[in-house]
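One structure is given below, encoded as structure tokens.
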Amino acid sequence: MNLKIIVAIWIDADATPRSAIAIARELAASYGAMVTTVSSINHLRDEPNHITVDADPQAADMTIVNHINPNVPTVVVTQDYGLAALVLARGAAALSPNGLIFDAENIDRLLANRAISARMRRMPRSMRSKLRGPKARSAEDDARFRESLTHILKKLTDRHT
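The letter at position 146 of the sequence shown is residue 169 when you use my numbering, and the numbering goes up by one with no holes.
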């Protein structure tokens, strides 16, 4: 009996742009993957296969982590380096909506940079340089995301065929 392996794509939808979600759904259809989006009640989404969690800052992250099944190839889309680290520790792949593939080589550096940035934000304004917010999403971000997710899906499906 030949069972088809289904890849699970979990999306931290609190901060993932709609264009990245649309790309993930499109690619999922091509690879026989199942997409689930998760967001807090503060970011209600009208999406198929969506889970809404309470407003706790970690509720969406913990829902995603707790649904990772070691028997199902999984990729998680998130901008949260902490969630990416937890996902990698569980054996799943992790990807940012901008196409950055999180891995053992870069996650420690990203977490360290996040800690430094958090420390800088807590400093009095007079002691820190001006911090900039994220730049606007571009067509290049969508293209990078599509390319990276395609790469991960190919790798996951090739490994399980």
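Don't be surprised by glycine CBs; every beta carbon is placed ideally from N, CA and C.
- Shortest Cα-Cα distance from S161 to any of V98, N121 and R182 involves N121.
- Ranked by Cα distance from F168, the options W33, V100 and P96 are led by V100.
- Under a 10 Å Cβ-count criterion, P96 is classified as buried, with 16 or more other Cβ atoms of the shown protein chains found around its own Cβ.
- Between T59 and T180, the alpha-carbon positions lie close to 18 Å from each other.
- Of V110, L67, S171 and I44, the smallest CA-CA separation from I91 is found for V110.
- For A43, the CB contacts under 6 Å within the same chain, skipping 5 residues up- and downstream, are P120 and F168 in chain order.
- Listed as beta-bridge partners of F125 by DSSP are A117.
- Apart from the 5 residues on each side of it in sequence, D37 sits with its Cβ closer than 7 Å to the Cβ of S62, S63, H66 and A83 in its chain, given in chain order.
- Within the same chain, Cβ atoms closer than 8 Å to the Cβ of D165 are found at S42, A43 and I46, the five residues on either side in sequence being excluded.
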